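Asks:
Chains as they are written, first to last, in this note's numbering: chain A, 108 to 276; chain C, 32 to 184.
See below:
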């Protein structure tokens, strides 16, 4: 990554993706934004240093996942105290997403409920493997676990998600 | 031809955990291939929702209220148990004073026997003596006796 333009390119390529990833892992858009800001701050600090990674995409993903874990460890009090602020509310009616067009609202609600009921590790594995579309080996490297462990968590996640959805459809 | 795979085996295959036999069966069984397509469609639906639908807010206050209710109920339960143990239980199962005095006397005998050095019961010094217990029942009896004897004299 060379200079400001390189950093901007990195942000353009990964900012939205990481915000989505963190929002999925944390279930809170505001917290997700904070984590992504921290991730890019680290990237800016590292950009030309000796420790700069070769694969920025993988590095950003790994740092974002770790950042989400740290956030979860902080505890419930800061999140409980946070209120719904005016600036968080949408100013206009949002256009329907591709998912809105393809899948009914009720099914989407069940999917979110089932996804949020998954244990943290299963959620991480499922998001990285399917939403981020990373190969199993890269998921394992990002989470710092073996490929076998990733596959087992993925199987449990798939099983639980389908069980929950299958029972309601 | 081997038997068709269970739903769980299909899910294992989706997670790259299928063994050689299961993979071979999936490659040639039309029925299992159709079920696998259905599984893939389910996963695509989930992925599409997670990837593009707006992330719904978690109502953390509602969750916190639920926990607060559970904590309150637990505290009330603990308080009730404590009250039963400290107050109610002792009132119901109060040990009579006479029985307590007998027990202490019996324990004093046992301890005297155990700690005797020459086979005889140890001599009880005045300082070590178990203080005489005031037993209400006996006192009442003595008072009555005294009253009777006083009345006779």
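Note that beta-carbon positions come from the ideal geometry of N, C-alpha and C, so glycine has one too.
Here the structure is a predicted model, which is why all the values come from computation and not from measurement.
Note down the Cα distance separating residue 58 of chain C from residue 51 of chain C, rounded to an integer number of angstroms.
Replies: Translated into positions along the second chain, residue 58 of chain C becomes position 27. Translated into positions along the second chain, residue 51 of chain C becomes position 20. Each residue's alpha carbon lies about 11 Å from the other.
Asks: Is residue 171 of chain A close to chain C? Criterion is C-beta to C-beta, closer than 8 Å.
Replies: Working through the first chain from its first residue, we reach residue 171 of chain A at position 64. Look at residue 171 of chain A: its C-beta is not under 8 Å from any C-beta on chain C.
Asks: So that I know if they touch, is there some Cβ in chain A lying closer than 8 Å to that of residue 129 of chain C?
Replies: Start at 1 with the first residue of the second chain, and residue 129 of chain C comes out as number 98. No, because no Cβ of chain A sits closer than 8 Å to the Cβ of residue 129 of chain C.
Asks: Go through its chain and collect everything with a Cβ distance to residue 283 of chain A's Cβ below 6 Å, but skip five positions before and after it.
Replies: Residue numbering for chain A in the displayed model covers 108 to 276; residue 283 of chain A lies beyond these limits and cannot be assessed.
Asks: So, at 8 Å on beta carbons, what are the nonlocal neighbours of residue 165 of chain A in its own chain, with the 5 sequence-adjacent residues on each side left out?
Replies: Numbered from 1 along the first chain, position 58 holds the residue referred to as residue 165 of chain A. Closer than 8 Å at the Cβ level, and outside the excluded window around residue 165 of chain A, lie 245, 248 and 249.
Asks: Per DSSP, what kind of secondary structure is residue 136 of chain A in: helix, strand or coil?
Replies: By 1-based counting over the first chain, the position of residue 136 of chain A is 29. Helix, per DSSP.
Asks: Would you be able to state if there are at least three C-beta pairs under 8 Å between the segment 36-54 of chain C and the segment 258-271 of chain A?
Replies: In the pairwise beta carbon analysis, the segment 258-271 of chain A is classified as touching the segment 36-54 of chain C: at least three pairs are separated by under 8 Å.
Asks: Under a three-way DSSP split, which group does residue 34 of chain C fall into?
Replies: Position 3 of the second chain, counted from the first residue, corresponds to residue 34 of chain C. Looking at residue 34 of chain C - three-state DSSP - the assignment turns out to be coil, as it is neither helix nor strand.
Asks: Enumerate in chain order the residues of its own chain whose CB-to-CB distance from residue 133 of chain A is below 8 Å, with the five nearest sequence positions on each side excluded.
Replies: Within the first chain, residue 133 of chain A is the residue found at index 26, counting from 1. Same-chain partners within the cutoff: 139, 142, 175, 178 and 179.
Asks: Would you grab the beta carbon distance between residue 268 of chain A and residue 221 of chain A for me? Rounded to a whole angstrom, and I think it's under 8 Å.
Replies: The residue you call residue 268 of chain A lines up with position 161 of the first chain. The residue you call residue 221 of chain A lines up with position 114 of the first chain. With a Cβ gap of about 5 Å, residue 268 of chain A and residue 221 of chain A count as contacting.
Asks: Going along chain C in order, which residues have a C-beta closer than 7 Å to the C-beta of residue 243 of chain A?
Replies: Along the first chain, one-based indexing puts residue 243 of chain A at 136. Near residue 243 of chain A (Cβ distances below 7 Å), the residues of chain C are 47.
Asks: Residue 108 of chain C to residue 71 of chain C, Cα distance in whole Å?
Replies: For the purposes of this step, residue 108 of chain C is taken as residue 77 along the second chain, with counting starting at 1. For the purposes of this step, residue 71 of chain C is taken as residue 40 along the second chain, with counting starting at 1. Distance between the alpha carbons of residue 108 of chain C and residue 71 of chain C: 49 Å.
Asks: Note down, in chain order, all residues in the segment 63-94 of chain C with a beta-carbon under 8 Å from any beta-carbon belonging to chain A.
Replies: Residues 70, 73, 74, 76, 77, 78, 79, 80, 81, 82, 83, 84, 85, 86, 87, 88, 89, 91 and 92.
Asks: My output table needs one value for residue 105 of chain C: the three-state DSSP class, helix, strand or coil.
Replies: Taking the second chain and counting its residues from 1, the one referred to as residue 105 of chain C is at position 74. Helix at residue 105 of chain C.
Asks: Would DSSP call residue 130 of chain A helix, strand or coil?
Replies: Residue mapping note: residue 130 of chain A aligns to position 23 of the first chain, counting from 1. Looking at residue 130 of chain A - three-state DSSP - the assignment turns out to be helix.
Asks: Can you find a C-beta in chain A that's less than 8 Å from the C-beta of residue 39 of chain C?
Replies: Here residue 39 of chain C refers to the residue found at position 8 when the second chain is read from its first residue. Cβ-Cβ to chain A under 8 Å: yes for residue 39 of chain C.
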